[in-house]
Amino acid sequence: MRAAWNENPVLRDVMAAAETCWINPEWAPFETIRDGLSVRPTEVDDAAARLDRFAPLLSRLFPETAADGGRIESPLRELPTLRERMGWRERIPAGRLFMKMDSDLAVAGSVKARGGIYEVLKHTENLALSAGLLGAGGDYAGLADHRDFFAKYTVQVGSTGNLGLSIGIMSAALGYRAVVHMSADARQWKKDLLRQKGVDVREYAGDYGKAVEQGRALSDADPTSYFVDDEHSKNLFLGYAVAGRRLAEQLKAQDVAVDMEHPLFVTIPCGVGGAPGGVAYGLKLLYGESVHVFFAEPVQCPCMLLGLASGEKDGVCVQDAGLTGITEADGLAVARPSRLVCDVMERTLSGEFTVADGRLFDDLRELHAAEKLFIEPSSCAAFAGYRGLAQFPAARAYLEEHGLAEKMENAAHILWATGGRLVPPETRREYLAKRC
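The structure is reproduced here in structure tokens:
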């Protein structure tokens, strides 16, 4: 533990594994910092165009995407009953409450379907172009007929679970040798599902960082192997960033205005940071100061909060704060944040909330009772932001400072559900009954 951390009230809460709220003191208007970031808006445009090119292939490989023309996208669900229940109990100011159902994304059933599938497709495009498999017409659907070619190559990734599902399922569908290095936090059903898809699952007794380290080393030793590096990958980040423009279409379709008089608050569960960071960046590109993005992390594993609040970024891990790094939110069980995401979020992110494991299951039960929806416990971390805006003095001060307090009647809140569709029925029942 760093002695100076004791001088910071938020870091004291972090070290005590107490629920807390951190408001980013380095936040700046997005237009003033956008051009200095390592990610460019044109790169998001390029990613969106690439996903469009691959849509015919995705439609062919995964028939469940055919109705959407090969586009992997999730619904935006309004939660009126839950809004009424929580708003009354938590004294949350009026406004509309939505859930972005990335928990229901096709193929991989989590937000990781965005970045993970995109990175595999980009690698596939590079290999196909080099081998002359894509002619002038660019028959992307025809790549499904070249499994023998892709079988010469390996795709590997380290994961706590959901990214492994995304990379493993997509890679195996194309014919790659897929290897997923899974940490001790990974759920057994995720390992079983990957093996059913023909993926080589390697299990490690250590945490996420150890699985990534081992996977990276093994991949580096094989010239035919490509490693998807969740800690450093800009391609993953860009795949997630495309979500912003697609959400904008859905908000418009539901008559949700987003401007300075109609603020949008988005809370996204955070592990290493790639998915929430990419989504946040994509939203800021569209809405600038009209959108306020918060991350949510478990009290025992708030790696991004610790990295940003301490200023040490990926130079610190949660064990340095005396925390275990062990949480029921397996998708968020990451001890050290991504440096890439820390750099982009350093002045972009509005703040963070932490949440105790017990609340995850309480909120899951309430969501299920009120709206008949199921999401993974990790996804339920998003409730911490909606609740926290009213609960914490620092959050209320943020609303006052930004002139938002009087606009909350016109606000929209989005809880970003990050996983859940593929959870087996018996595991769902266990989660709904669990208390801790």
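Take any residue in the sequence shown, note its place counting from 1, add 36, and you have its number in the numbering used here. The beta-carbon is built from N, C-alpha and C at its ideal position, and this holds for glycine as well. Bear in mind that the values here come from a model prediction, so they are computed numbers and not experimental data.
For residue i, the three-state DSSP class (helix, strand or coil)
{"i": "residue 216", "result": "strand"}
{"i": "residue 371", "result": "coil"}
{"i": "residue 185", "result": "helix"}
{"i": "residue 112", "result": "strand"}
{"i": "residue 334", "result": "strand"}
{"i": "residue 278", "result": "coil"}
{"i": "residue 243", "result": "coil"}
{"i": "residue 378", "result": "helix"}
{"i": "residue 61", "result": "coil"}
{"i": "residue 328", "result": "strand"}
{"i": "residue 385", "result": "coil"}
{"i": "residue 235", "result": "coil"}
{"i": "residue 273", "result": "helix"}
{"i": "residue 203", "result": "helix"}
{"i": "residue 359", "result": "coil"}
{"i": "residue 286", "result": "helix"}
{"i": "residue 260", "result": "coil"}
{"i": "residue 211", "result": "coil"}
{"i": "residue 268", "result": "coil"}
{"i": "residue 391", "result": "strand"}
Proximity below 7 Å, CB of residue i to CB of residue j
{"i": "residue 79", "j": "residue 274", "result": "yes"}
{"i": "residue 313", "j": "residue 377", "result": "yes"}
{"i": "residue 417", "j": "residue 305", "result": "yes"}
{"i": "residue 434", "j": "residue 59", "result": "yes"}
{"i": "residue 413", "j": "residue 382", "result": "no"}
{"i": "residue 266", "j": "residue 310", "result": "yes"}
{"i": "residue 333", "j": "residue 344", "result": "no"}
{"i": "residue 448", "j": "residue 300", "result": "yes"}
{"i": "residue 195", "j": "residue 218", "result": "yes"}
{"i": "residue 122", "j": "residue 357", "result": "no"}
{"i": "residue 454", "j": "residue 147", "result": "yes"}
{"i": "residue 158", "j": "residue 271", "result": "yes"}
{"i": "residue 199", "j": "residue 182", "result": "no"}
{"i": "residue 380", "j": "residue 317", "result": "yes"}
{"i": "residue 261", "j": "residue 192", "result": "yes"}
{"i": "residue 10", "j": "residue 237", "result": "The structure shown does not extend to residue 10, since the chain is modelled only from 37 through 472, so no value can be given for it."}
{"i": "residue 431", "j": "residue 439", "result": "no"}
{"i": "residue 389", "j": "residue 426", "result": "no"}
{"i": "residue 136", "j": "residue 450", "result": "yes"}
{"i": "residue 308", "j": "residue 374", "result": "yes"}
{"i": "residue 456", "j": "residue 411", "result": "yes"}
{"i": "residue 109", "j": "residue 282", "result": "yes"}
{"i": "residue 330", "j": "residue 242", "result": "no"}
Cβ neighbour criterion (16 or more within 10 Å) applied to residue i
{"i": "residue 160", "result": "buried"}
{"i": "residue 256", "result": "exposed"}
{"i": "residue 296", "result": "exposed"}
{"i": "residue 99", "result": "exposed"}
{"i": "residue 162", "result": "exposed"}
{"i": "residue 396", "result": "buried"}
{"i": "residue 188", "result": "exposed"}
{"i": "residue 42", "result": "exposed"}
{"i": "residue 166", "result": "exposed"}
{"i": "residue 367", "result": "buried"}
{"i": "residue 247", "result": "buried"}
{"i": "residue 350", "result": "buried"}
{"i": "residue 285", "result": "exposed"}
{"i": "residue 57", "result": "buried"}
{"i": "residue 321", "result": "buried"}
{"i": "residue 83", "result": "buried"}
{"i": "residue 72", "result": "exposed"}
{"i": "residue 360", "result": "exposed"}
Any chain C beta carbon closer than 7 Å to residue i
{"i": "residue 143", "result": "Absence of chain C from the displayed structure is noted, only one protein chain being present."}
### Query
Do the region 187-207 and the region 145-158 make contact, defined as three or more Cβ pairs closer than 8 Å?
yes
### Message
Whether or not the region 324-337 and the region 285-303 are in contact is what I'm after, with contact meaning three or more pairs of Cβ atoms, one per stretch, closer than 8 Å; do they touch?
### Response
yes
### Message
Below 8 Å, how does it come out for the region 112-125 and the region 395-407: are there three or more Cβ pairs, yes or no?
### Response
yes
### Task
Would you be able to state if there are at least three C-beta pairs under 8 Å between the region 128-145 and the region 180-195?
no
### Query
When the Cβ atoms of the region 174-181 are set against those of the region 83-96, are three or more pairs found closer than 8 Å?
yes
### Query
Which runs of the beta strand (DSSP E) fall wholly inside the region 95-168 and span at least 3 residues, in chain order?
112-114 and 132-137
### Message
Which runs of the alpha helix (DSSP H) at least 4 residues long sit entirely within the region 409-453? Give them in chain order.
### Response
419-427 and 429-437
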